[in-house]
Each structure stands twice: as structure tokens, then as C-alpha cells.
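> For the sequence shown, the working numbering puts the final residue at 673, and the numbers step up evenly by one.
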Amino acid sequence: SKKLEINREQRALMKAIVDAYNRHQIPEDVAKKLLQDQYSPEENFLLLTEMATSQVQVLVEFTKNIPGFLSLDREDQIALLKGSAVEAMFLRSAQVFSRKMPTEHTDVLEERVRKSGIPDEFMTPMFNFYKSIGELHMVQEEQAILTAITILTPDRPYVKDPQAVERLQETMLDVLRKLCVLQHPQEQQYFARLLGRLTELRTLSHYHSEMLASWRMNDHKFTPLLCEIWDVQ
Ligand SMILES: CC(C)NC(=O)n1c(-c2ccccc2)cc2c1CN(S(=O)(=O)c1cccs1)CC2
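#1: Which residue wins for smallest C-alpha separation from L644, given the options M529, G557, Q628?
#2: Quick check on N462 - is its C-beta less than 8 Å from some C-beta in chain C?
#3: So for Q476, helix, strand or coil by DSSP?
#4: Compute the minimum distance between the beta carbon of T489 and the heavy atoms of ligand 1, and state whether it is under 7 Å.
#5: Got a sec: does ligand 1 put a non-hydrogen atom nearer than 7 Å to the Cβ of I645?
#6: Roughly how many angstroms separate the alpha carbons of A534 and A584, rounded to a whole number?
#7: State the Cα-Cα distance for the pair E490 and K661, rounded to the nearest angstrom.
#8: Is H648 a contact residue of ligand 1, with contact defined as CB to any heavy atom under 7 Å?
#9: Express the C-alpha separation of H646 and Q629 in angstroms, rounding to a whole number.
#10: For a test of the three-state rule: what should DSSP assign to T593, helix, strand or coil?
#11: Taking the C-alpha atoms as reference points, what is the distance between Q476 and P664?
#12: At the level of alpha carbons, what is the spacing between Q626 and M563?
#13: I think I457 touches A588, with their Cβ atoms under 8 Å apart; what is that distance to the nearest whole Å?
#14: Based on Cα-Cα distance, which residue from E640, L622, V605 lies nearest to P507?
#15: Given the structure, does M529 come close to ligand 1, in the sense that its CB is under 7 Å from one of the ligand's heavy atoms?
#16: Taking only the alpha-carbon atoms, compute the straight-line gap between S654 and Q450 and give it to the nearest angstrom.
#17: Going by C-alpha distance, which of N505, P559, E527, L576 is nearest S538?
#18: Does ligand 1 have a heavy atom nearer than 7 Å to the CB of F569?
#19: Cβ atoms of L499 and A519: under 8 Å apart, would you say?
#20: For ligand 1, is there any heavy atom lying closer than 7 Å to the beta carbon of L592?
#21: Tell me the DSSP secondary structure of N568 in three-state form.
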């Protein structure tokens, strides 16, 4: 029916976002490092810092390619990036984690992340989230559009024109809704489950600010880019 069909401009929008998403992947060499031989917690922490820093650079490039983003108020663009960086990092991590990797790679990856100086009480919610994303078996279009929807969240701090952001986000939500029905015809509530993950993401980003506080205690160093985007130090 007309209502459900993805029209030509939505298809173009989707293509732009998926191309940007695929163009901006974390360099394989950085991800491979995590799979190499035994590291100490300090080295694992350093690797995560490197991966997270590289992911922020990837995030900025991806965001610039979201149709309409660069027409937003310049300061609102910054507010959206800063407001969504942690959620986008956890979403990307979940996607890396649930990628069809050989099992032993996933296990090694999990091992490295668990032994990286991150307090245990944050491990559980973090890995629960990775698992809950993995169970959705999102296609890459869904992953790319869900990331764009996360970035285009109107109620981030300091956004001056939330309506302009809301208009862009609604366009993405409409494409995602149609895509979910097409890709997962059997699962009526698949779209709702997908959006439910965004709520879980917000909880994780609260955990993250607490993690940051505890890391600063035992003077863990971050890169200037992470300090900038996370408003630390
Ligand atoms: C793919 C990239 C973006 N993921 C990543 O860097 N990870 C991953 C991760 C997950 C699955 C596969 C591979 C890596 C787990 C964690 C992070 C980063 N954060 S962090 O940014 O709070 C951080 C803490 C200390 C320095 S940087 C901590 C948790």
C-alpha cells in the first residue's frame, strides 16, 4: 500500500545514509589490534581509547553526510554531536560485537573489553545491551538509520532549534518504520523494539558519565578529542 511503500526520495535518503555509514568504518587495523596477543588491562584500556577516538572521528564524518544536518544551526550541530557521541559509541560497539565474527574472535574481544579497567558494575549493562542489539539481527540499513536517528535527537542539551532537528529525525523514523516492516514482516513490533533500544542507550550513557568520574579518580588518560566530546578535564 502507498502508506508502507518506501518512495523515491526516501530511497535516496537511505542510500545516502548507508553509503556514509559504510564509508566511515573503524579502521580494521585498530579493531584487529584488539584481537592480537595478550594485553594488560592498561594496554586494553589504551586500545579502547584508540578505538573510541577513531570512532568519534568516524561519527563526525558520518554525521556530516546525513542529509539536512549541515543546514542546521552550526552550534546545534555541535550540540547534537556532543549529546549523541557516547550513545553512538555504544551503538557502534554493539554492532561491532554482533557482527558475524568467528566465535573465538567475539570471545577474545569480550575478554579484552572485560579486562580493560572498566568497573565491573558497568560491564553487565554494557554486555546486556550488546546482546540485546545482537538479538535484533539488524540489517545494515537499519543500523545506519538507527545511528542517524540517535544523532538527530531533538532534546539534547543546548539545542536552540529542536523543531528543525525533530523534522529531520521524523523523516528518518518514517523510513526506518517502513524498512522494519519490509525486512521483518513476521515481527509486528520489530520497529518498536528497535526504538526501545534507544531508551536502553540513554541509560548506558548515564553509566558512562559515572565511569568517567571513576576513571579520573585513578588518573586514566584520554585523548584530547575524547575529552572535548565528553566534556571532561
Ligand atoms: C568500536 C569502538 C567504538 N568501541 C570501543 O571503543 N569500546 C568497546 C568495544 C566494544 C565491542 C567491540 C570493541 C570495542 C567497549 C568499550 C569501548 C569504549 N568505551 S569508552 O569509550 O568508554 C572508553 C573507555 C576507556 C577508553 S575509551 C568503553 C567500553
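We put the beta carbon where it would ideally sit given N, CA and C, even for glycine. Quick caveat, the model's predicted, so the values are computed rather than measured.
Let me lay it out:
#1: M529
#2: No chain C appears in this structure, which consists of one protein chain only.
#3: coil
#4: yes
#5: According to the sequence as given, residue 645 is Ser; it is not Ile. Checking every heavy atom of ligand 1 against the Cβ of S645, none is found closer than 7 Å.
#6: 13 Å
#7: 11 Å
#8: yes
#9: 27 Å
#10: coil
#11: 26 Å
#12: 33 Å
#13: 5 Å
#14: V605
#15: yes
#16: 44 Å
#17: L576
#18: no
#19: no
#20: no
#21: helix
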